[in-house]
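All letters in the sequence shown, in the order written, are residues 1 to 455 by the UniProt record's numbering. Note that the Cβ used here is the ideal one computed from N, Cα and C, for glycine as well. Computed from a predicted model, the values in this text were never measured in an experiment.
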Amino acid sequence: MTALDRLSAFVAGLGAGDLSDAARDAASRSLLDTLVNVTAGADFGVTGGTGGAGGPDPGTIPDTGPGADAFRLAVLAQVLDYSDGWRFGGNHPSSPVVAACLAMAVRDPAVTTARIRTAMVAGYEVGARLAAATHPDQTLTGLHPTGTTGAVAAAAAAASLLRLDAARVAAALTIAASYAPLSLIGGVLAGATAKPLDAGYAARTGLEAALLARAGVTGWDGALAGRQGFVGTVTAGRREELPVDDLAHRFTITEVYLKPYPACRHTHAAIEAALAVRARGPFDAGDVVSVDVASYDVATRVVGNRTDTASSYVACQLSLPYVVAAALLDGGYGPAQLSAAAIGRPGVQDLAARVTLRTDGELDARYPAGNPATLTLTRRDGSRASHHVEVAAGDPRRPLSVDQILAKAPPTRAGDAVRAAADALLGADDRVAATAVATVLPAVAPARAGAPVAG
């Protein structure tokens, strides 16, 4: 069997009873986390966060058809960069995968929570194999895996919900791989506020690929593996194969991290260290001579960017100097620190100018097993305060509590609905969980008229 055959058979044959307890629990947590992230993203736009900083306000996102529903949900889930991630592939699977599932569920109450969880696992596992086969080549080539591999992952999830047979799953995956969004990472690193659109286009492409496959449209069998397929193309021929031998034995969804802070994951250990130093006693920004952050090379290359009072919120999410300065100055870091008013404070930008990020050889050797950072703050009197974080909070080895996940939800109707449904979403009774999803969806996504899309 080819890699495509094995992936297609896996998706077509995967049932709720095939999930390990750990995979089921991880899917439940990622579902809850994504619903929280959608509510936070919507609130950030409505209250002037993204609108004030030039980003996509929820009211500007098209909302016609299931593909547009998927687009909207994925964008909102990605706005604050709260989405989960898999460190072995550099991808953020939840936004496109869960959005595709919810876009179908909002139109069809017959889509049970058990089926959503199963579809999520199918999407995560397919996306992880494609991401692992092309990491870090995609990023180094200039692509953002969330948009590229996310489209194929969303196609797998949608195909699972549609209950497509293996042949049509293969068509869905290859259509998505052939026409996935290019998703250039340059705009992400430059702070373009269009950044969350990559997840939206991925979700829509994947869902529409599955619907096209159901209608009988076929794809090219060479679209995934091989020199001219996705893997060979984005790695310039250095790799051609997909790692599929561990399918159904290794559930990578259990390895994803959840984010407590709305910023690039490469900043999280430093944010945590800054907050630990800040909590030790009175803080005077004027007394700070320098803040040295030692970390790994990828962090230095991705989040070493500088900001100013006119920077976008996305630029600040990808600036370790900014997020560390904001955490030190305010004693916390969240969406409030990404508003245009917060970014425009001369004091935070002045402190950020005194934050230096550098690569430490020993810490670099410990990535990606960990994402270590050591922060050292030096005061005018010569005294120092230091804190080291080896593995940032949210990693499966340091999982977020349910309360920490829900802390990201805003005090809105949608946020309240997700908080009220949390226990049911995480519980073992799928009927109760299904009722919770049915209650939450109208709050996080508008009801849509039309025939159900799921089978």
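In the three-state reduction of the DSSP assignment, R29 falls in the helix class. With fewer than 16 other Cβ atoms from the protein chains shown falling within 10 Å of its own Cβ, D246 counts as exposed. Under DSSP, the beta-bridge partners assigned to G85 are Y257. Here S386 has T374, L375, T376 as same chain residues with Cβ atoms under 7 Å from its own Cβ, once five neighbours each way along the sequence are excluded. Check the Cα spacing between V277 and each of A336, D360, G331, D308: the tightest is with G331.
In the same chain as V289, and ignoring 5 residues on each side of it, the C-beta atoms closer than 6 Å to its own belong to T378, R380, in chain order.
8 Å or more divides the Cβ of A236 from the Cβ of F230. Unbroken beta strand (DSSP E) runs of no fewer than 3 residues, entirely contained in the region 251 to 305, are found at 288 to 295, following chain order. The closest CA to that of T309, considering only R117, A326, V303, V234, is found on A326. S312 sits in coil when the DSSP states are folded into three classes, being neither helix nor strand. Check the Cα spacing between Y179 and each of L212, L161, L35: the tightest is with L212.
Taking a contact as a CB-CB distance under 8 Å, the pair A269 and V389 counts as one, their CB atoms being some 4 Å apart. Annotation for R384: T376, L377, T378 place their beta carbon closer than 7 Å to its own, counting only its chain and skipping 5 residues before and after. In this chain, L14 is not harboured by any alpha helix (DSSP H), its DSSP state being neither H nor E. Only residues of its own chain outside the window of five on either side were considered, and among them T356, T376 have a CB closer than 6 Å to the CB of D292, listed in chain order. In chain order, L320, L357 place their CB closer than 7 Å to the CB of G304, counting only its own chain and leaving out the 5 sequence neighbours on each side.
In this structure, DSSP gives L184 an extended state, which the three-state scheme calls strand. Assignment of beta-bridge partners to N91 by DSSP yields W86.
By the C-beta density criterion, E362 is exposed, having fewer than 16 other C-beta atoms within 10 angstroms. Burial state of M104 is buried, judged by a 10 Å Cβ sphere holding 16 or more other Cβ atoms. When the alpha-carbon of A122 is set against those of V106, A133, A166, the nearest one is in A166.
Closest in alpha carbon position to P368, among P136, M120, I116, L32, is P136. In the DSSP annotation of this structure, L338 is not part of any beta strand (DSSP E), being labelled neither H nor E.
For A177, same chain residues with a beta-carbon under 6 Å away, outside a window of 5 residues either side, are V152, A223, L224, F230 in chain order.
Assigned with DSSP and collapsed to three states, L318 falls in coil, not helix or strand. When Cβ pairs closer than 8 Å are counted between the two stretches, the region 199 to 209 is seen to touch the region 141 to 155, the count reaching three or more.
Separation of the CB atoms of A3 and V244 is rounded to 5 Å, and the pair is thereby assigned contact status at 8 Å.
Following the DSSP letters along the chain, one finds R358 inside the beta strand (DSSP E) bounded by residues 355 to 359.
Per the coordinates, the alpha-carbon of H249 lies some 20 Å from the alpha-carbon of R397.
The Cβ atoms of S94 and A119 do not sit closer than 8 Å to each other.
According to DSSP, R379 shares a beta bridge with V288. Per DSSP, the continuous alpha helix (DSSP H) segment holding S178 begins and ends at 166 to 178.
Going by C-alpha positions, A40 is about 17 Å away from C316.
Excluding the 5 residues flanking it on each side, L426 has same chain C-beta neighbours closer than 6 Å at S28, in chain order.
Excluding five sequence positions before and after R238, the CB atoms of its chain that fall closer than 7 Å to its own CB belong to D137, given in chain order.
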